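See below for the structure under consideration.
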Amino acid sequence: MKKGLKITFLGTGTSQGVPVIGSTHPVCLSTDSRDKRLRVSVLISWDNYNYVIDCGPDFRQQMLTNHVNRLDGILFTHEHSDHTAGIDDIRPYFFRQGDIPIYAHERVVASLRKRFDYIFATENRYPGAPSVMINTIGSNQPFKIGNKTVVPIEADHNRLKVFGFRVDDFTYLTDAKTVSEVEQEKIKGSKVLVVNALREEPHHSHFNLEEALAFVKKMEPETAYLTHISHLLGFHADVEKKLPKNVHLAFDNLVIEL
Ligand SMILES: [Zn+2]
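Just so you know, UniProt numbering puts 70 at position 70 of the sequence shown, and the rest follows in order with no gaps.
Below is the structure:
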């Protein structure tokens, strides 16, 4: 029997998370657990493999909550802090497993090198610092994780290029504002598409809800989940009701299998 993918939404919030510190916005004060959104990330698991896409500032908490005791690698969409700031917390995995493979564009690797120089240092390493195995990825260059092939999908986050990733029939794309026709072709045929939807108001570097829904309609997945959500989008329960039948708001710790 062919084993499918298990996807765990580790975080579904925008860069500040929901609630925002100190905010008295009704969504930030909501008692619905689906309105509590950590910084955006997913865990992709199959057989004995566990890979995460991004490791933001909530990475440690996400790994503890979901009992992820082994990590085979991290795929980075881009270098913004809400997607990378938790990298120091790979330490427990590093101590048990050795260098942790990372998959990122060379620009993202350069940014990580600068901000986390001690992780990448080759001389006078601080004892206890984690270490990574760098895998540079590029557009039009599918790469392997475990026994699966990943197709990178390039999108524009305003002026910054970001990568989405397709594994089998699952595509994850966050922090996109525009996606070229050529890249859209790589997404088509996905059973499950995860895409960012920040809020209703337009934003310079993120799809708003309308843009995300139009994108889903064009990609025609069986099911789509929206992520990277701001408190400004509204209460989970209210927004979910307004969506087309095959589109859902993701929420933290939601698990899907395909
Ligand atoms: Zn982001």
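From the three backbone atoms N, C-alpha and C, an ideal C-beta is built for every residue, glycine too. Keep in mind the model is a prediction, meaning the values are calculated, not measured.
Hey, how far is the Cα of residue i from the Cα of residue j?
i	j	result
His203	His105	25 Å
Tyr118	Gln141	29 Å
Asp32	Asn208	23 Å
Lys36	Arg70	26 Å
Phe163	Asp47	25 Å
Val179	Lys161	10 Å
Leu243	Tyr126	50 Å
Leu254	Gly98	30 Å
Examine ligand 1 and report whether any of its heavy atoms sits within less than 7 Å of the Cβ of residue i.
i	result
His231	no
His203	no
Val52	no
Asp168	no
His228	yes
Asp35	no
His25	no
Val40	yes
His80	yes
Keeping to the same chain, check which residues put their C-beta closer than 6 Å to that of residue i; ignore five residues upstream and five downstream.
i	result
Thr223	Val192, Asn246
Met1	Here Met1 scores only 45 on pLDDT, less than 50, and its place in the model should not be relied on; the value that follows carries that caveat. Result list for Met1: empty, nothing under 6 Å.
Ser230	Thr14, Leu198, Arg199
Glu79	Val108, Ser111
Ser190	Asp169, Thr171, Pro221
Gly146	Tyr49
Is residue i helix, strand or coil by DSSP?
i	result
Leu232	helix
Phe94	helix
Ile21	coil
Glu240	helix
Tyr118	helix
His83	helix
Leu249	strand
Arg37	strand
Ile53	strand
Ala224	strand
Phe207	coil
Ile102	strand
Ser190	coil
Glu200	coil
Asp168	coil
Asp156	strand
Leu29	coil
Leu254	coil
By Cβ distance, which residues of its chain are closer than 8 Å to residue i, with the 5 residues on each side in sequence left out?
i	result
Ala121	Ala129
Going by beta-carbon coordinates alone, are residue i and residue j separated by less than 8 Å?
i	j	result
Tyr172	Ile53	yes
Asp169	Thr77	no
Asn196	His228	yes
Gln184	Lys218	yes
Leu75	Tyr49	no
Asp72	Pro92	no
Gly11	Ser41	yes
Only counting the same chain, and skipping five residues up and downstream in sequence, which positions put a Cβ closer than 7 Å to that of residue i?
i	result
Val167	Leu5, Ile44, Lys148, Val150
Asp89	Phe59, Arg60
Lys186	Val151, Ile153, Arg166
Ala212	Val195, Asn196, Ala197, Leu226
Val68	Leu43, Asn50
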